[in-house]
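Under my numbering, the first residue of the sequence shown is numbered 138, with each subsequent residue one higher. Every residue, glycine too, gets a C-beta built ideally from N, C-alpha and C.
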Amino acid sequence: MEVTTMAQAMQLHAQALKLGSEPHHQNYTKLFTFSALSPSGDPNYARLILSSLRTPNSYYWNTMVRSYCDSSDPFQSISLFLAMHLQEPHRTVPKPDNFTYPFVLKACGKLKDAQIGKQVHGLVLKVGFRCDKYVWNSLIHLYGKCGVLGDARKVFDEMSERDVVSWTSLIDGFVDNGMCVEGIGLFSEMVESGIVPNDATVVAVLRACAETGALEMGRRVHGIVEELGIGERVNVSTGLIDMYCKCGSIDSAREVFDMIVDKDVCSWTAMIHGLANHGMSREAVRFFDEMVNAGVNPDERTMTAVLAACRNAGWTTEGCLYLKEMRKRYGIRPNLQHYGCIVDLFARSGQLEEAEDFIRKMPIMPDAVLWRTLIWACQFHGDCNRAERLIKELNIDFDDISNFVLISNIYASSGKWHDKAVLRETMSKQGLSKPPGSSKIEVDCRVHEFIAGDSNHIEAHDIFKKLEEIDERLREEGYKPEVSEVLLEIDDEEKAFQLLHHSEKLAVAFGLIKTKPGSEIRIVKNLRSCGDCHTFMKLVSRIYGREIVVRDRIRFHHFRNGDCSCGDYW
Ligand code: ZN
Ligand code: ZN
C-alpha cells in the first residue's frame, strides 16, 4: 500500500498492530519514514512510533533527528542527539554516526546557536569523523548560518579535499552576513580552482552581485549558467532576473524573463519588483495584469511589488485599490510591509493628515518603522509640529540609532540647536553613531566601496582632484551646492565641502577616471540620495555625456542628459 497522507499512515499503523507485525516489518519503516520526512507528514507521530519500538535501529533515530531539524522545532533534533550520545534511556540506543551529525549541525544552524554547535564540533573531532566530507561541510554551513565566519573559514581551510558543497556553504555564509564582496571573491577562486558550481552556488553569488551592483561579475555568472545549462531552473532564472534588475540592467532582466517557458510566481514577482524599483510603474502594473491573466496567482511578495510601483509613482488611489483587492480577490491578508507602502504613499505626497489617520485605523499594530516613515515625511514637508507631537506621544525608544538621527534632524531643521546638542550627548553616551553613507562601484569585476569623506582609497588623491574639477565645471553651468541640506551648525563653505565628499560623489569621480568616455556609470548606495547629490548627478550626466545609474536604499535613479528617471520624486 502506497502512503501519501497521514490518514493512510495511521490506517497502516492500525493494521500492523492488529496483525501483530514485527516492528522491523517493512510496513513500519514505510509509515515511519512517511510521517517523519514527507512535507504532509507529522514528526510527532513519527516520534510516537519510535518510542513504541523496543530496539529501534540507527535508521529510525537518524531519520527522527533529520525530521525535527526541518520542522518548526529544531531543538528536538538536538535533544534526540543528546539521548543518542549519552545512550539514554537505559535501553539500547545507537551511538550517533556520520548520518546523525550533519542533521544535528543543521539544527544548530537553524537555531543560530554557535555554542551548542561548537560542542557538537568537539564531539566530531573526538569520535574521528575527520575524513567525512559530509560532516565537515555541515560544520561550514553551521558556522556560516551563525555568522561565525572565522570558524567557517577555518574548517574549510582544514579540509584536505573540498567539493562544490564546501565552497557553496562558505560563499553562502559570507553572502548571508553581508560580506558580498568576499563572497564574490571566493566564487572566482572556486571557479579558478576547477570546481564546477551548481545551482545553489550560482544563486548565492548572484545574490552577492545583486547586493553590490556587480554587473560585470553577474554577466560572467550568467555565462557560466549557460555553459552549465541550468538557466531553466526557477531559482537560477529568478536569481538572474533579480541580479540584472538590482544592477540596473532592466533590459537584460527582461531577456532572461522572456526566455523562461514556465513562468511561476517567483519569476513574475522578481520582474514586477524590478520594474517598480526602476520607476517603470506602468510597466510593472501591466506585467501584474498579464500575470493574473496567465492564471498565476499573486502572493504576498507580488503584492508588495505592485504597491511599491504605486508608491514610486505617487498613485494614491491605485495603491489603496490594490490593497483592497488583495484580500477580496486574491485572499491575501495585508501585512505590515503592504500597509507601509500606503503610509509612504500618503506621507511622501505630503498628505500627512491622511497618513496619520491611516496608521491609526490600521487593523494590525503599526511598528516603529511605519511611524518613522510618517515622522520623516513631516520633517521633509516642514510640518515639525506634527513630528514633535508624534515623538512625544509615541515615547520613542532611544535604543535605535535611526530614531536618534530622525529626531536630531527634526531639531536641526527647526533650528533647535540646543535640543539637538542634548540629544547628541545622550547618543554618544550610549555609544551610538550614525551609519556613514557608503557607495559601491564596480570596475573590471572588482567592487570599490567609498564612505562619505573617505580618504582611505589608494587613489584618494586623484579622486579628490577630479572632484574639484567636476565641481568647478558644474559651477560654471550654474550649480550651487544645496547647503540647507546639511543639518549641522557650521558655515556654508564647510557645508559645501561636506556635500562634495558624499560617498556617491566620490564614486562617480572614480567612475569618470576609471571608465571609458561615454560608458555607463553604476553606483549602489546604502542610504537615500540627498537632494544635492541628485542635482549633481543630473548635471554630471549632461556635462560629461554619461549615463549614470544610482541605486539608493529604496529605488533606482537613471540620470541621462540632465534628467532623472524618477522625475525628481523619490
Ligand atoms: Zn548627498
Ligand atoms: Zn532621481
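Measure the C-alpha to C-alpha separation of residue i and residue j and round it to an integer number of angstroms.
i	j	result
D401	G432	10 Å
T349	I600	21 Å
F311	G281	7 Å
P211	A337	23 Å
H555	Y381	47 Å
V645	A514	28 Å
L473	L412	22 Å
W198	S216	12 Å
L156	G178	24 Å
L489	R419	25 Å
A633	E493	35 Å
M428	D705	30 Å
C582	V443	33 Å
P239	K263	16 Å
P654	H671	21 Å
L260	I308	25 Å
K247	T237	16 Å
I95	E295	The chain is shown only over 138 to 707; residue 95 falls outside these bounds and no answer can be derived.
L168	P193	14 Å
F218	S188	15 Å
M709	H695	Nothing can be reported for residue 709: it is not among the residues displayed for the chain, which extend from 138 to 707.
P233	C457	56 Å
V302	T406	29 Å
S545	V342	38 Å
N235	A289	19 Å
K270	K243	15 Å
N540	P334	43 Å
Indicate, with yes or no, if ligand 2 has a heavy atom lying under 6 Å from the CB of residue i.
i	result
C283	no
H415	no
H518	no
H104	No answer is possible for residue 104: it lies beyond the span of the chain, which begins at 138 and ends at 707.
Do residue i and ligand 1 come close, with the Cβ less than 6 Å from some heavy atom?
i	result
H638	no
C245	no
C703	no
C346	no
C717	Outside the shown range of the chain, which is 138 to 707, sits residue 717, and nothing can be said about it.
C457	no
C384	no
C206	no
C403	no
C667	yes
C670	yes
Bridge partners for residue i per DSSP, in chain order?
i	result
I660	V687
S575	I588
R583	V580
C701	F696
For the putative contact between residue i and residue j, defined by C-beta atoms under 8 Å, what is the C-beta separation to the nearest angstrom?
i	j	result
C478	R438	Not really, about 12 Å apart at Cβ, beyond 8 Å.
P231	S195	4 Å
A390	I378	5 Å
R659	R690	With a Cβ gap of about 16 Å, R659 and R690 do not count as contacting.
A351	G320	Not a contact, Cβ separation roughly 10 Å.
I512	P503	In fact, because the Cβ distance is near 12 Å, the residues do not count as touching under 8 Å.
T652	V584	That belief does not hold up - the Cβ atoms of T652 and V584 are roughly 14 Å apart, past 8 Å.
N522	R692	Going by Cβ atoms, the distance from N522 to R692 rounds to 29 Å, so no, they are not a contact pair.
K675	D700	6 Å
E684	E657	5 Å
C317	L279	Wrong, their Cβ atoms sit about 21 Å apart, outside the cutoff.
G487	H518	5 Å
A484	T453	Contact flag wrong, Cβ pair sits at about 11 Å.
Using the Cβ count rule (16 or more neighbours within 10 Å means buried), how would you classify residue i?
i	result
V358	buried
D250	buried
Q213	buried
T229	exposed
C268	exposed
Q516	buried
V202	buried
A183	buried
G315	exposed
H162	exposed
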